[in-house]
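Residue numbers (this note's numbering): 49 to 217.
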C-alpha cells in the first residue's frame, strides 16, 4: 500500500498522480480508452483460437491481461500467465481491477516476475492476494535495463524462459 488512506481517498490521489505522470495508466483507468485497450486484447485472444495460450503482460499490459481474462465469459485454456514489471501487487491498482482478486479461470500457472528496483512494480508480489495462492509464484530478478523495467530484459530472465521452454517441449 503506497497511500495509507481509505479506498476512495487512495483512488482520488492515485487518479491525480497518474494524470500528470502516466498518461497511459490514466487513459486506461479514468479516461475513455479502457474499453478500446481491452478490446484489442480480446480480439487477439479470439484470433488465437481455443487452443492453449501462453499470455505474457508487461507493466500496464499485465493489468489489461488480468482484467480481460477475469471478465471473460468463458475460461480460456491458459497453461501459463506471466506478468513482468507488474503493478498488480499495489493496492491502488487492486482497487481498480476486477474483484475479488482471483487467478483468472483457465489459468493453470501464474508467474509474476519483478526487479527489486522496478518503479512500476512497487509491490513485487501477487501471492497470496490472488487466490488460489498455489497457482501463483513470485520471482525476484535482476533486470539490467536502465530503469529496471525493460520488457526485453524481463523476457530474457530465467523464470520466463524456463517456464515457456517447459511448455513448448
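Glycine residues also receive a C-beta, built at the ideal position from the N, C-alpha and C atoms.
As the structure is a prediction and not an experimental result, all values here were calculated from the model.
Have a look at residue 195 and residue 80 and give me their C-alpha separation to the nearest angstrom.
29 Å
Tell me, please, whether the region 138-154 touches the region 166-185 by the rule of three or more beta-carbon pairs shorter than 8 Å.
yes
To the nearest angstrom, how far is the alpha carbon of residue 107 from that of residue 113?
10 Å
Beta-carbon gap between residue 90 and residue 130 smaller than 9 Å
no
So for residue 190, helix, strand or coil by DSSP?
coil
For residue 163, which of helix, strand or coil comes out of DSSP?
strand
To the nearest whole angstrom, what separates the beta carbons of residue 138 and residue 171, a pair I think is in contact under 8 Å?
5 Å
Considering only the alpha carbon of each residue, which of 115, 92, 199 and 135 lies closest to residue 145?
115
Residue(s) in a DSSP beta bridge with residue 184
158
Comparing C-alpha positions only, which one of 135, 176 and 53 sits nearest to residue 73?
135
Would you list the one or two residues that DSSP bridges to residue 131?
105 and 160
Buried versus exposed call for residue 219 [16 or more other C-beta atoms within 10 Å across all chains shown]
A query on residue 219 cannot be resolved here, the shown segment of the chain reaching from 49 to 217 and no further.
What would DSSP say about residue 179, mapped onto helix, strand or coil?
strand
In terms of alpha-carbon separation, which member of 111, 55 and 188 lies closest to residue 82?
111
Can you list, in chain order, the residues of its chain with a C-beta nearer than 7 Å to that of residue 123? Leave out the 5 residues immediately preceding and following it.
153 and 154
Tell me, to the nearest whole angstrom, how far the beta carbon of residue 207 is from that of residue 161; I am working on the premise that it is less than 8 Å.
5 Å
Could you tell me the distance, in whole angstroms, from the CA atom of residue 147 to the CA atom of residue 65?
23 Å
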